[in-house]
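Only one structure is covered here, and it is reproduced in the block below.
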Amino acid sequence: EITRASVKNGNELPQVDFIAKSTQCRYCGSSLRVQKSKKRTISTIETGTIQAREIRKVCAIDSSHPVESSEVLSQMVPCGQRYGYDLIVWVGMARYLRNQQRQEIRATLFREKGIIVSEGSISELCDRFLLYFEMLHINQTPALRVAMRKGYPLHIDATSEYGKGGLFLCIDGWRGWVLQATKIGTENADELRPAIKNTTSLFGDPVAVVRDLGRAGAKSVSHLRQKNIPDLVCHYHFLGAVGKKLFDYDYSSLRKSLKSSKVRSGLRELLRELRRNRSNSVYDGEFGHGRMRKALPALILWILEGEGGKDFPFPFCLPHLNFYQRCCQVAQRVEHWLPLPRSQVERRILKRIFSVVAKLKKIKHLEQEVIQLEINWKAFSELRDILRLSDIELPRGDRRGLTGRGNPALEAARLHDIEERTTAYHEEIRQRVRDIQANPLNNQNKAPEAIILKYLDRYSPSLFGHPYLVDDGKIVAVVERTNNVAEHFFGTEKQKLRRRLGRANLGRDLEDQPAQAALVSNLTHPDYVKIVCGSLDNLPVVFSEIGRAGFKYDLSLERSNKDTELMKCISMLITDEKVENERGYN
48 EITRASVKNG NELPQVDFIA KSTQCRYCGS SLRVQKSKKR TISTIETGTI
98 QAREIRKVCA IDSSHPVESS EVLSQMVPCG QRYGYDLIVW VGMARYLRNQ
148 QRQEIRATLF REKGIIVSEG SISELCDRFL LYFEMLHINQ TPALRVAMRK
198 GYPLHIDATS EYGKGGLFLC IDGWRGWVLQ ATKIGTENAD ELRPAIKNTT
248 SLFGDPVAVV RDLGRAGAKS VSHLRQKNIP DLVCHYHFLG AVGKKLFDYD
298 YSSLRKSLKS SKVRSGLREL LRELRRNRSN SVYDGEFGHG RMRKALPALI
348 LWILEGEGGK DFPFPFCLPH LNFYQRCCQV AQRVEHWLPL PRSQVERRIL
398 KRIFSVVAKL KKIKHLEQEV IQLEINWKAF SELRDILRLS DIELPRGDRR
448 GLTGRGNPAL EAARLHDIEE RTTAYHEEIR QRVRDIQANP LNNQNKAPEA
498 IILKYLDRYS PSLFGHPYLV DDGKIVAVVE RTNNVAEHFF GTEKQKLRRR
548 LGRANLGRDL EDQPAQAALV SNLTHPDYVK IVCGSLDNLP VVFSEIGRAG
598 FKYDLSLERS NKDTELMKCI SMLITDEKVE NERGYN
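Residue numbers for the sequence shown follow the numbering used here, so the first one is 48 and each next one is one higher.
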């Protein structure tokens with residue numbers, strides 16, 4: 048097939064001939080003759096950048112019969128294109144699996160492969176990769192469905208940044224595969240339902256649906272509920288909704304009061320002053336000259352940050368309440384951490400600490416708000432203990448602990464035990480509310496039991512009934528009771544996107560990210576890779592098969608939100624207005 052390779056004078060590229068292999072016309076069987084040769088520059092990972100001369104053949108009797116071209120060249124590079132399939136795969140993997148920036152990809156290609164590609168061409172290659180991979184995912188749906196024939200739990204969730212358009216996902220909760228990814232302008236049932244229906248039409252009905260408490264999600268799966276498919280709400284989102292209802296008003300007021308009091312800023316300023324002498328046992332500064340134990344700046348740091356552990360998301364952690372409680376414990380800590388005798392410097396510093404913390408006592412109604420928060424926190428903690436939602440089951444929890452938490456049979460038994468305890472607790476809470484209502488002296492509006500009862504009455508039918516997968520009489524998988532599959536996915540993908548783009552604020556970037564990028568995460572699952580392409584090394588081959596089968600990709604990937612067309616209209620109107628103004632001026 049490759050007849051010669053010659054390097055021309057100067058900086059000319061190597062020229063390689065690609066001759067059509069056929070010797071007979073596939074239409075009439077007659078011999079073939081050379082029709083013409085066509086040159087183009089191509090770049091592939093295997094060959095680098097070369098000048099390819101394709102020698103085509105045509106029927107010697109009737110030139111209207113199909114033209115025979117080089118099969119080797121068509122396997123390497125899409126028809127009429129410059130960049131090969133292996134280069135498309137290489138760039139796509141670097142971008143979406145290794146999370147490299149365009150400048151890094153460009154530099155690596157030149158350094159290791161000698162290929163010069165502009166940043167704009169890299170973006171175009173990334174789009175081609177996404178479109179080819181999406182077609183591969185669709186083409187291999189029958190094979191994927193066979194692997195999922197024993198069922199799958201459908202986890203659905205959407206994400207966005209600062210209210211902008213976002214991404215909606217349908218995920219196989221047992222395998223972690225992204226089955227469907229769709230761009231959405233807003234999270235409403237009309238936009239979510241088509242994606243869910245498309246997923247079930249391709250992969251079959253799930254054994255259960257796991258979602259958050261949003262109305263859009265509930266409406267979008269109504270057709271599955273009609274088929275008696277369990278519609279389960281995430282326990283984390285359920286507890287989160289209860290907690291927000293219990294804490295939101297008083298906690299917001301506490302946060303504002305702490306900010307206006309400037310207690311934190313006063314303590315930080317004092318800690319900065321003491322840190323200047325942290326390497327010395329003798330202090331010499333604003334508070335005089337004398338002995339200062341390390342426990343003193345440590346006390347201030349403890350008031351500000353506690354023990355330094357990682358805070359879980361609200362309402363599973365109330366850092367402002369914890370800060371207020373530590374401020375109230377300062378005197379007790381001083382007695383244990385700084386026993387007598389104390390130097391004059393230490394006494395002066397302690398006096399400053401007490402005066403800063405004392406500002407909290409001057410805020411009206413703050414103590415009553417804190418008391419109510421503590422009452423509500425006790426009730427929230429009781430509900431969480433009943434549901435046994437541990438820290439490792441929160442979105443920011445240690446995933447290693449989550450994956451190593453026992454076998455599916457034990458998990459199924461644990462869920463059954465939690466269901467029984469929750470049912471008993473539900474009746475207990477109902478009786479408590481009756482007792483509260485029977486006593487006219489109680490403030491029923493602030494009773495946390497009434498709020499918890501309201502949520503249990505509404506969502507208890509969707510809290511339990513998690514199906515499990517049985518193989519040879521053994522439970523091998525249980526539907527998760529949280530939507531952490533989707534929550535962890537979104538968290539990881541946002542980290543990757545920040546790495547690729549080099550900035551923290553993803554408001555517009557997440558909105559512009561093509562939905563197909565979420566599908567690429569499936570390539571991290573060996574079982575998925577084995578089904579769709581055998582191995583990652585074989586990905587250029589299957590892309591080539593898709594291309595030679597007649598796949599015509601459209602590089603206009605959907606990126607922006609629902610107002611894209613309106614923004615285009617604004618641009619056109621402004622352009623027309625400028626043209627009219629210029630004509631009038633002339």
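All C-beta atoms, glycine included, are put in the ideal place defined by N, C-alpha and C.
Secondary structure of residue i, DSSP reduced to three states
i: residue 473; result: helix
i: residue 101; result: strand
i: residue 192; result: helix
i: residue 412; result: coil
i: residue 74; result: coil
i: residue 587; result: helix
i: residue 184; result: helix
i: residue 205; result: strand
i: residue 536; result: helix
i: residue 330; result: strand
i: residue 448; result: Annotation note: pLDDT 48 at residue 448 (below 50); position unreliable, no value reported.
i: residue 167; result: helix
i: residue 350; result: helix
i: residue 580; result: coil
i: residue 199; result: coil
i: residue 160; result: helix
i: residue 15; result: For the chain, the structure presents residues 48 to 633; residue 15 sits outside this window and is missing.
i: residue 95; result: strand
i: residue 106; result: strand
i: residue 62; result: strand
Through-space distance from residue j to residue i, alpha-carbon basis
i: residue 561; j: residue 230; result: 7 Å
i: residue 574; j: residue 583; result: 12 Å
i: residue 402; j: residue 386; result: 20 Å
i: residue 265; j: residue 259; result: 8 Å
i: residue 448; j: residue 437; result: The predicted position of residue 448 is uncertain, since its pLDDT is 48 and thus under 50; no value can be drawn from it.
i: residue 140; j: residue 242; result: 26 Å
i: residue 364; j: residue 219; result: 30 Å
i: residue 133; j: residue 214; result: 29 Å
i: residue 660; j: residue 572; result: This structure leaves residue 660 out entirely; the chain is present only between 48 and 633.
i: residue 187; j: residue 428; result: 47 Å
i: residue 85; j: residue 60; result: 15 Å
i: residue 322; j: residue 333; result: 12 Å
i: residue 167; j: residue 563; result: 19 Å
i: residue 499; j: residue 277; result: 23 Å
i: residue 244; j: residue 271; result: 9 Å
Contact under 9 Å by Cβ, residue i with residue j
i: residue 305; j: residue 367; result: yes
i: residue 529; j: residue 136; result: no
i: residue 290; j: residue 370; result: no
i: residue 397; j: residue 430; result: no
i: residue 392; j: residue 330; result: yes
i: residue 442; j: residue 283; result: yes
i: residue 129; j: residue 87; result: yes
i: residue 217; j: residue 201; result: yes
i: residue 234; j: residue 207; result: yes
i: residue 525; j: residue 474; result: no
i: residue 309; j: residue 408; result: no
i: residue 293; j: residue 423; result: yes
i: residue 593; j: residue 183; result: yes
i: residue 273; j: residue 246; result: no
CB contact below 9 Å: residue i versus chain D
i: residue 406; result: Annotation note: the requested chain D is absent from the structure, which comprises a single protein chain.
Buried or exposed by the 16-neighbour rule on C-beta atoms within 10 Å, applied to residue i
i: residue 81; result: exposed
i: residue 150; result: exposed
i: residue 336; result: exposed
i: residue 354; result: exposed
i: residue 519; result: exposed
i: residue 267; result: buried
i: residue 138; result: buried
i: residue 419; result: buried
Residue i Cβ short of 8 Å to the ligand SAM heavy atom set
i: residue 233; result: By its list of ligands, the structure shown contains no ligand whatsoever, and the ligand SAM lies outside what it can speak to.
Please determine if the segment 195 to 206 and the segment 241 to 254 are in contact, where contact requires at least 3 C-beta pairs separated by less than 8 Å.
-> yes
For the segment 494 to 511 against the segment 279 to 289, do three or more pairs of beta-carbon atoms, one drawn from each stretch, fall closer than 8 Å, so that the two count as touching?
yes
Do the segment 116 to 126 and the segment 146 to 162 meet, that is, are 3 or more Cβ pairs less than 8 Å apart?
no
Does the segment 150 to 160 touch the segment 111 to 121, meaning 3 or more C-beta pairs lie closer than 8 Å? no
query: Using 8 Å as the Cβ pair cut-off and three pairs as the minimum, do the segment 159 to 177 and the segment 532 to 547 touch?
result: no
**the segment 106 to 116 in contact with the segment 60 to 72 per 3-pair CB rule at 8 Å** = yes
TODO: Examine the Cβ distances between the segment 615 to 624 and the segment 174 to 185 and report whether three or more of them are shorter than 8 Å.
DONE: no
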